[in-house]
């Protein structure tokens, strides 16, 4: 996680723009394809809790992912 407006930050908190529209970083996604794991934190500037998803890869996809690393 980071601090908004610091160099290289990505987690922007909800900010109301002109016209009433909201702007924010919608989600932070950490994906480890070879491990078959994806973790998602919605609105990461306000929520530091990830939901973990485990993905099943068939052997061919797993082999290609391992070769790419």
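Numbering (our numbering), first residue to last: 1046 to 1114. Glycine is no exception: its CB is placed at the ideal position from the N, C-alpha and C atoms.
Check: Beta-carbon proximity check, residue 1046 vs residue 1058, cutoff 9 Å; Outcome: no
Check: Buried/exposed call for residue 1070, threshold 16 Cβ in 10 Å; Outcome: buried
Check: Close Cβ partners of residue 1114 (< 8 Å) along its chain, the five nearest in sequence each way excluded; Outcome: 1079
Check: Buried versus exposed call for residue 1072 [16 or more other C-beta atoms within 10 Å across all chains shown]; Outcome: exposed
Check: Distance cut-off 8 Å: residue 1112 Cβ against heavy atoms of the ligand MN; Outcome: What this structure holds is no ligand at all, so the ligand MN is not there to describe.
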